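Q: Following our numbering, the numbering of the sequence shown begins with 1 at its first residue and continues without gaps.
The beta carbon of each residue, even a glycine, is placed where N, CA and C say it ideally should be.
All of these numbers come straight from a predicted model, not from anything done at the bench.
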Amino acid sequence: MTDDLYAPPTAELTDVLRTSSEFYVISKRKLLILGLLSFGLYTYVWAYKNWSLYKKINQVDIWPLARAFFFIFFMHQLYRRADDRVARSGRKFDFDFEQWATVFVVVTVGANLFDAAAGRIDSLHAYKNLSLLGTPVCAYILSQCQGMINFAAGDPEGQSNDRFTPWNYLVIVPGVVLWCLTFLGLWAIYHG
Numbered sequence: 001m002t003d004d005l006y007a008p009p010t011a012e013l014t015d016v017l018r019t020s021s022e023f024y025v026i027s028k029r030k031l032l033i034l035g036l037l038s039f040g041l042y043t044y045v046w047a048y049k050n051w052s053l054y055k056k057i058n059q060v061d062i063w064p065l066a067r068a069f070f071f072i073f074f075m076h077q078l079y080r081r082a083d084d085r086v087a088r089s090g091r092k093f094d095f096d097f098e099q100w101a102t103v104f105v106v107v108t109v110g111a112n113l114f115d116a117a118a119g120r121i122d123s124l125h126a127y128k129n130l131s132l133l134g135t136p137v138c139a140y141i142l143s144q145c146q147g148m149i150n151f152a153a154g155d156p157e158g159q160s161n162d163r164f165t166p167w168n169y170l171v172i173v174p175g176v177v178l179w180c181l182t183f184l185g186l187w188a189i190y191h192g
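Structure representation (structure tokens):
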């Protein structure tokens with residue numbers, strides 16, 4: 001500090017601008033657990049958060065809620081935008097997101113179609129419960145693809161969103177109830 005009362009201040013007066021990510025960062029472990037325990041319901045939350053952040057940062061005219069509800073139609077586009085973000089930053093992330101996104105969509109649609117067909121075709125009715133395998137497979141695929149989104153957002157391990165919050169449990173509880181009812185129903189069918 002100087003004795004001159006008329007001297008300009010010497011303190012740093014510039015604010016550090018914090019840039020927020022245009023993609024939703026979450027650790028792969030947390031996404032896998034949330035996707036699995038929520039009976040796949042967290043996929044809608046995940047898609048909404050990604051698209052709402054993308055809209056906010058890029059000032060584009062999209063409907064995040066619609067893109068979340070119809071997420072299978074927008075998976076490839078989301079990953080392409082994350083890949084483009086990585087490329088624009090001059091970095092490289094070696095991951096075949098197109099293949100993984102396609103497998104995710106095929107498993108999601110296939111499990112739903114098989115479930116519907118097994119409910120209507122008597123010869124498939126005994127195998128109807130196999131469609132339940134789509135949920136853990138999709139949760140795994142989604143968690144693997146999250147690595148690229150985290151990398152694009154500058155947090156490769158997703159450490160900034162690795163802990164569970166009370167809001168996460170609000171998604172998990174209905175999913176766990178659905179899992180319990182499903183297994184109770186299966187037990188009643190095969191042991192009742």
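Quick one: give me the first and last residue of the alpha helix (DSSP H) that PRO156 is part of.
A: Neither: PRO156 is in no alpha helix (DSSP H) and is coded neither H nor E.
Q: I need the straight-line Cα distance from PHE183 to SER38, nearest angstrom please.
A: Approximately 14 angstroms between the Cα atoms of the pair.
Q: Which same chain residues end up closer than 7 angstroms to LEU53 when comparing Cβ atoms and leaving out the 5 residues on each side of it in sequence?
A: Here the set comprises SER21, GLU22, PHE23 and TYR24.
Q: Can you tell me whether TYR79 is buried or exposed, with buried defined as 16 or more other CB within 10 angstroms of its CB?
A: buried
Q: Specify, as a first and last residue, the run of the alpha helix (DSSP H) that GLN59 falls within.
A: Where GLN59 is concerned, there is no enclosing alpha helix (DSSP H), given that its DSSP letter is neither H nor E.
Q: Go through its chain and collect everything with a Cβ distance to LEU170's Cβ below 7 angstroms, but skip five positions before and after it.
A: none
Q: Along the alpha helix (DSSP H) that carries THR102, what are the first and last residues, could you check?
A: 97-120
Q: Rounded to the nearest angstrom, how far is the Cβ of VAL105 from that of MET148, given a contact under 8 angstroms?
A: The pair is not a contact, with the Cβ atoms about 16 angstroms apart (cut-off 8 angstroms).
Q: Just verifying my parser: in three-state terms, what is the DSSP assignment at LYS30?
A: helix
Q: Please report the straight-line C-alpha distance between TYR48 and TRP187, rounded to a whole angstrom.
A: 35 angstroms
Q: Run the proximity test for LYS28: is its beta-carbon closer than 7 angstroms to any non-hydrogen atom belonging to the ligand ADP?
A: No copy of the ligand ADP appears in this structure; indeed no ligand is present at all.
Q: How is the alpha helix (DSSP H) around LEU78 delimited, first residue to last?
A: 75-88
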